[in-house]
Amino acid sequence: KEALADVQRVMRIRHGLKLDEPDDFDLLTQDAVLKLWDRVSQATFFALITISSIALMVGGIGVMAIMSIAVTERTREIGVRKALGARRVEILFQFLMEAAVLTLAGGVLGIALGSFIGLAVHWISGFPISLPWWSFAIGIGFSASVGIFFGMYPAFKASRLDPIEALRYE
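Start counting at 1 in the sequence shown, then tack on 6, and there's your number in the working numbering.
#1: Helix, strand or coil: how does DSSP classify residue 27 here?
#2: Using 10 angstroms around the beta-carbon of residue 16, count the other beta-carbons present and answer buried if the total reaches 16, otherwise exposed.
#3: In the structure shown, what three-state DSSP assignment does residue 79 receive?
#4: Within a Cβ cutoff of 6 angstroms, which residues of the same chain sit near residue 132, ignoring the five residues on either side of it in sequence?
#5: Ignore the nearest five residues each way along the sequence and tell me which others in residue 89's own chain have a CB closer than 6 angstroms to its CB.
#6: With contact counted as at least three CB pairs below 8 angstroms, one residue from each stretch, are the region 61 to 76 and the region 160 to 175 in contact?
#7: Rank 39, 25 and 80 by C-alpha distance to the C-alpha of residue 171 and give the top, closest one.
#8: For a quick check, are the C-beta atoms of residue 156 and residue 85 less than 8 angstroms apart?
#9: Three-state secondary structure (DSSP) at residue 137?
#10: May I ask which residues mark the beginning and end of the alpha helix (DSSP H) holding residue 105?
#11: Within a Cβ cutoff of 8 angstroms, which residues of the same chain sit near residue 160, ignoring the five residues on either side of it in sequence?
#12: In this structure, does DSSP put residue 35 in helix, strand or coil?
#13: When burial is assigned at 16 or more other CB atoms within 10 Å of the CB, is residue 56 buried or exposed?
#14: Need the endpoints of the alpha helix (DSSP H) that residue 1 sits in, please.
#15: Between which two residues does the alpha helix (DSSP H) carrying residue 15 extend?
See the structure below:
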């Protein structure tokens, strides 16, 4: 603080400022730059959280639509499985696993693409990058969870089909 006050006095003298005039210059320290960096990092983090939440919702609705179409297209298959003795839980599990695998594959591709982009930015600009293992685990967990959550309705719909009506379906 003393050094900063000394620099401010010297700058005021060099700029010819009187006691009642405000400074016509700014003094920046590394602390101020670090505070600015923290604010930018927090804003970026919250923006990424918001964008990824919207993307997860859109992706989840897409998974629900795809799985609903799959149930409709495979109604006869479901009817045959039920007629041969498949229980509701087995059909429910099949469709939930299909939805989870679908979103897991998308999650793995997204993680790979994001990591590649981050590494490319690091190589080009020297900007520091951090790729901790837990972030990959959270990403894979979220993508599988989205598949299970949004695949519930189509899976329940498939498990509740009447085998006789399903076998008649064209």
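Glycine included, each C-beta is placed from N, C-alpha and C at the ideal position. No experiment lies behind these values; they were computed from the predicted model shown.
According to the structure shown:
#1: coil
#2: exposed
#3: helix
#4: none
#5: 169
#6: yes
#7: 80
#8: no
#9: coil
#10: 94 to 131
#11: 70, 73, 74, 76, 77, 101 and 105
#12: coil
#13: exposed
#14: Lying outside 7 to 176, the shown extent of the chain, residue 1 is not represented and no answer is given.
#15: 8 to 20
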